[in-house]
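Engineer: Following this message is one structure expressed as structure tokens.
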Amino acid sequence: MTNGMPDFLVIGAPKSGTTSLYHYLDQHPGVFMSPNKEPHFFAFEGEPPSFMGTGDAQAWINTRSVTEVNEYRALFSDTSSEQVCGEASTMYLYLEESCDRIYQHNPNTKIVAFLRQPVDRAYSHYMHLRRDGREWESDFRKALELENERIGNHWSPAWHYRNVGLYCDQVQRYIDKFGKAQVRIYLYDDLLQDAPAVYRDIFDFIGVDSAFEMDTSARHNTTKSVRKSKWLHDFLMYPNGVKSALRQVIPASVRKPLSAKVYRKNAATAQKLSAEVRREVTASFEPEILRLQDLVGRDLSAWLACELAC
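Using this note's numbering, read the sequence shown as starting at 166 and increasing by one per residue.
Here you go:
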């Protein structure tokens, strides 16, 4: 560590495999990962976030972001001298101020980023919010149309479905500041094709034993269902007078199993993005994808095709 700061950072993009990477890195005896998976310190240093979108007040980014430097350093206080330490805050890539703040605190930080086909990434984030009962626009295209209005109303970056996927300038910012030798860019596609090889390369990059065998059987932060009724979801999840009254007359041994059953009944299977919509939205990203292809030196033609599942 330098000045109590992490040796490496996984900076995003969200919904691109970063949650699984965090858990797999945490298995390595030579790595210490922040117990707060997404402290987002460099995104909001000295400025606690107060986003105002649906459910933002209760969301992790508002409630669990670490904004004071001493509290942030304390996250790594249990690191041993034989370990490298890191954390994985998915908004560092997107939020512009993060890059300069990271550099100011530790210009030797190693940077790891994962990029996913931007439409697939956006739809995955959209379905994540649908799963959590926060996104109630059932038409993905309409949700994209609402983005600028939501940004203007100070909704959190979780709602910036399209803008988060404009990777080129985001990646360029880190390369310009840290240099190519300190920035490693991977594709979500790489994880699908050969995840162990990706993790070995990351271990080499951050300077730990790349021969370590991880258990990669668990999948993290996946979306399998969405909420059907907003009224019912909000009734179950948020305080209200009716629930307070019911607590007085119905014992917890009856009330909690019944509530869990109703919650499950309010779930519908998450739907895949149609090929038609994927093709339409991908076309709008084509210039950006081609720019990124030149920047990172990777063939991204598969991102422009429409055969990939969402």
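Where a beta carbon is used, it is the ideal one built from N, C-alpha and C, also for glycine. Keep in mind it's a predicted model, so treat the numbers as computed, not measured.
(1) Taking 6 Å as the limit between beta carbons, can you name the residues of its chain near THR447, skipping five residues before and five after?
(2) Confirm, please, whether the CB-CB distance from ARG456 to CYS333 is below 7 Å.
(3) Over what stretch of residues does the beta strand (DSSP E) that includes GLU314 continue unbroken?
(4) List in chain order: all unbroken beta strand (DSSP E) runs of 3+ residues lying wholly within the stretch 331-357.
(5) Taking 7 Å as the threshold (C-beta atoms), are MET217 and HIS319 in contact?
(6) At the level of alpha carbons, what is the spacing between PHE241 and GLN192?
(7) Pairs of beta-carbons, one from the stretch 240-259 and one from the stretch 190-208, closer than 8 Å: are there three or more?
(8) Look at the alpha carbon of LEU356 and the alpha carbon of SER418, and state the distance between them as a whole number of angstroms.
(9) Report the option in GLY317, GLY298, TYR291 and ASN168 whose CA atom is closest to the CA atom of LEU309.
(10) Determine the direct distance from the alpha carbon of SER246 to that of SER181, and round the result to whole angstroms.
(11) Taking DSSP as the reference, what is the three-state secondary structure of GLN292?
(12) For LYS307, which three-state DSSP category applies?
(13) Just the Cα atoms here: how many angstroms apart are HIS188 and PHE370?
(14) Indicate the three-state DSSP secondary structure (helix, strand or coil) for GLU252 in the structure shown.
(15) Measuring alpha carbon to alpha carbon, tell me which of ARG306, PHE305, ASN328 and ASN271 ends up nearest ILE316.
(16) Taking a contact to mean a Cβ-Cβ separation below 7 Å, would you say GLN347 touches ILE276 in this structure?
(17) Starting from PHE450, trace the alpha helix (DSSP H) in both directions and tell me its first and last residue.
Structural biologist: By the coordinates alone:
(1) Leaving aside the five residues that flank THR447 on each side, the residues in its chain whose CB is nearer than 6 Å to its CB run, in chain order, VAL284.
(2) yes
(3) Counted as a single uninterrupted DSSP element, the stretch harbouring GLU314 is not any beta strand (DSSP E) but the alpha helix (DSSP H) occupying residues 312-317.
(4) 348-352
(5) Result yes, Cβ atoms of HIS319 and MET217 sit closer than 7 Å.
(6) 16 Å
(7) yes
(8) 43 Å
(9) TYR291
(10) 31 Å
(11) For the sequence presented, residue 292 should be read as Met rather than Gln. Note: MET292 maps to helix in three-state DSSP.
(12) helix
(13) Within the model, the alpha-carbon separation for HIS188 versus PHE370 is close to 17 Å.
(14) Residue state for GLU252 is assigned as strand, using DSSP reduced to three classes.
(15) ASN328
(16) yes
(17) Taken as a continuous stretch (DSSP letters only), the alpha helix (DSSP H) holding PHE450 covers 440-461.
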